[in-house]
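Colleague: Before I ask anything, here is the structure I am working with.
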Amino acid sequence: MSRGLLLLDVDGPLNPFAAKPHRRPPGYETFRKQTRMRRSLRVWLNPRHGLLLRALAEETGLTLVWATSWQHEANDYIGPVIGLPPLPVIEFTVRRDWKWPAVTEYAAGRPLAWFDDQFDRGRQDFEVERGDTPTLLCHVDPASGLRDRHFEAVRAWAKRLP
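Shown next, in the form of structure tokens:
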């Protein structure tokens, strides 16, 4: 049984889209996704992240879940490249504060840690109150992507879960 959820955004945490256009961060490789308009979308991904995320989930007892505007396409295009199996997907509708209501509904009172680049408090990790449900919002700089410190922050937080 899961102790909680580990939510993954793609753009920012897994795809450091804000890095300098011709300078991938270390460890990342360039992948291309064809769009409907026959254009190619460049995505930078670190193939090690799948292994690291699976190990983190196993160690902490958290269930990996996509929380990204890629929605189900994350299972088609991102997961296979970095070595993740198909994951559950939180479905979003685009509106103001568009992610949080869907995440709260999906979590249904379960603890959650969330890797994303769009939290209100800027470039820091912080815990928020959802009643008495432990919640860690782990900010990832979209210019550098997931780093060791992000994995460590989730490990430390998960150790405090009941």
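For the sequence shown, the numbering used here assigns the number 21 to the initial residue and increments by one for each residue that follows. Note that the Cβ used here is the ideal one computed from N, Cα and C, for glycine as well.
How about Asp161: is its Cβ closer than 7 Å to a heavy atom in the ligand SAH?
Modeller: Ligands displayed in this structure: none; no statement on the ligand SAH is therefore possible.
Colleague: Report the option in Val160, Ala87 and Asn66 whose CA atom is closest to the CA atom of Tyr126.
Modeller: Among Val160, Ala87 and Asn66, the Cα nearest to that of Tyr126 is on Ala87.
Colleague: With a threshold of 8 Å, are at least 3 pairs of Cβ atoms found where one atom belongs to the segment 45 to 54 and the other to the segment 155 to 162?
Modeller: With a cut-off of 8 Å, the segment 155 to 162 and the segment 45 to 54 do not count as touching, because too few Cβ pairs lie within range.
Colleague: What separation, rounded to the nearest whole angstrom, lies between the Cα atoms of Val30 and Arg180?
Modeller: Cα-Cα distance, rounded: 26 Å.
Colleague: Taking just the CA atoms, how far does His42 sit from Ala119?
Modeller: According to the sequence displayed, residue 119 carries Lys and not Ala. Using only the alpha carbons, I get a separation of about 30 Å.
Colleague: Hey, would you say Leu34 sits closer than 8 Å to Leu65, going by beta carbons?
Modeller: Yes, these two residues count as a Cβ contact at 8 Å.
Colleague: Assuming the contact rule is C-beta atoms closer than 8 Å, Leu71 and Gly103 should be a hit. Round their C-beta distance to whole Å, please.
Modeller: Indeed they touch by this definition, with Cβ atoms about 6 Å apart.
Colleague: Work out the CA separation of Arg23 and Trp182 for me, nearest whole Å.
Modeller: What sits at residue 182 in the sequence shown is Pro, not Trp. Going by the C-alpha atoms only, they are around 8 Å apart.
Colleague: Going by DSSP, which residues form a beta bridge with Asn66?
Modeller: DSSP lists no partner for Asn66.
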